[in-house]
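Note sheet for the following structure.
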Amino acid sequence: MEQGRLASCHMWNPDKELEVTSQLDNGNYPYGIYTIPEISMVGQTEQQLTKDCVNYEVGIAKYSELAKGQMMGAMAGGTLKILFDPDTLKLFGVHAIGEGATEIIHIGQVAMAMGCSLTYFRDAVFNYPTLAEAYRVAALNGLGRLSRNAGEH
Numbered sequence: 546m547e548q549g550r551l552a553s554c555h556m557w558n559p560d561k562e563l564e565v566t567s568q569l570d571n572g573n574y575p576y577g578i579y580t581i582p583e584i585s586m587v588g589q590t591e592q593q594l595t596k597d598c599v600n601y602e603v604g605i606a607k608y609s610e611l612a613k614g615q616m617m618g619a620m621a622g623g624t625l626k627i628l629f630d631p632d633t634l635k636l637f638g639v640h641a642i643g644e645g646a647t648e649i650i651h652i653g654q655v656a657m658a659m660g661c662s663l664t665y666f667r668d669a670v671f672n673y674p675t676l677a678e679a680y681r682v683a684a685l686n687g688l689g690r691l692s693r694n695a696g697e698h
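Printed below as a string of structure tokens:
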């Protein structure tokens, strides 16, 4: 849709310089695959980060760990994954698979667009019980991995 909006703006005002506030330019563009289960992502993938030799860490939350996931029963097979910089805690990407993945991905999209770090999710208060709580669980999981890795050195 965003590509269409930009094209129509250019079509009706071809001589006007467009102020590109588009998220297309910074890679903050969500993707959704409407399968069963849904799959969605925003930002970079582990493969991209590895290829670019970027150091990253992962935080994971399984729907089954959430009260909402437990209420969903058999539909609770989903996962939310956050990729982040282990030094600055800057968000690189968010990936979700499961019921509502294409809905909850927008929380990560906005956080990335606003320049939030992983600590935003650690400190945020989410409605309870919701799948959005997966962001907090994934953030705590990622921060826990950092603590454990620091203890190994």
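With my numbering, letter number 66 in the sequence shown gets 611, and the count goes up by one each step, no holes.
For every residue, glycine included, the Cβ atom is placed at its ideal position computed from N, Cα and C.
None of the values given here were measured: they were computed from a predicted structure.
For the pair of segments examined, the region 679-687 was found to touch the region 606-625: the number of CB pairs separated by less than 8 Å reaches three. For the pair G618 and E644, the CB atoms are not nearer than the 7 Å cut-off. In chain order, Y601, L628, F637 place their CB closer than 7 Å to the CB of L594, counting only its own chain and leaving out the 5 sequence neighbours on each side. Annotation: A669 to L634 spans about 15 Å, alpha carbon to alpha carbon.
Going by DSSP, M586 is part of the beta strand (DSSP E) stretching over 584-588.
In this structure, DSSP gives G618 a helical state, which the three-state scheme calls helix. P631 and R693 have their alpha carbons spaced roughly 12 Å apart. Looking at the DSSP output, A606 bridges to L625. Secondary structure of F637 (DSSP, three-state): strand. Annotation: the continuous beta strand (DSSP E) that includes G577 extends over 576-578. Between the C-alpha atoms of K626 and W557 there is a straight-line separation of about 41 Å. Note that the C-beta distance between V587 and Q654 is below 7 Å.
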